[in-house]
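S.K.: Just so we're aligned: the sequence shown equals residues 154 to 306 in the working numbering.
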Amino acid sequence: MAKITVYHGDYIPVKNPEIRIGRNTKDFGPGFYCTTIKEQAERWARRYDNKVVSIYEVRMNMSLNIKEFKEMTEEWLDFIIHCRSGKPHSYDIVIGPMANDQVYNYIADYIDGAITREQFWVLARFKYPTHQMNFCIPSALKCLEYRGSEVVK
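1. So which of G249, Y299 and V304 has the shortest CA-CA distance to V211?
2. Taking R199 as the reference, which of T226, I219, W229 and I165 has the closest Cα?
3. What residue range is occupied by the uninterrupted alpha helix (DSSP H) comprising F273?
4. Would Y186 and L297 be called neighbours here (beta carbons separated by less than 8 Å)?
5. On a Cα-Cα basis, can you pick out the residue from D180, Y201 and L294 that is closest to L217?
6. Could I get the ranges of all uninterrupted alpha helix (DSSP H) runs contained in the segment 190–219, with 4 residues as the minimum, in chain order?
7. In this structure, what does DSSP give as the bridge partners for M286?
8. To which residues does DSSP link L297 through a beta bridge?
9. What number of angstroms, rounded off, separates the C-alpha of G162 from the C-alpha of Y257?
10. Measuring straight from C-alpha to C-alpha, what distance separates V247 and M213?
11. Within the same chain, show all residues whose beta-carbon is closer than 6 Å to that of H284, passing over the 5 residues directly before and after it, in chain order.
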């Protein structure tokens, strides 16, 4: 598989990525999140006073257990609900669209029964593409090769 470039938004350059297990549950569970969309990583970095985007090349190890969602589907929605409720999964790397804050509010409304699944899909259509790649286990991080970082203006 060819190398691809991915980006990670943070407050410092991240030369040695590590699996992050925080209090908050994420779309694809604990791990190290990157994206192929530089502007999206810049948005992630803007949450901080210091805004830095780290750049990596990725060469996938095909012996890893990789799950890829090409688009938002019923399976994608169920997977995010599963992960955001704190349940583990068995994948080493998960790739797919991101449920940004607004979409996650719709997911919460669906879980709470405030909207139907059909209403969720009407509300959830993005106006711009999103992408995330979660490296879920330490051996998956070996697919990443640090290439440098940029300060976001």
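The beta-carbon is built from N, C-alpha and C at its ideal position, and this holds for glycine as well.
M.R.: Quick answer:
1. Y299
2. Closest in C-alpha terms to R199, from the list T226, I219, W229 and I165, comes I165.
3. R270 to A277
4. No. Outside cutoff.
5. L294
6. 191–198
7. Beta-bridge pairing links M286 to C187 and I248.
8. Paired residue(s): V211.
9. 20 Å
10. 12 Å
11. T188, T189 and I190
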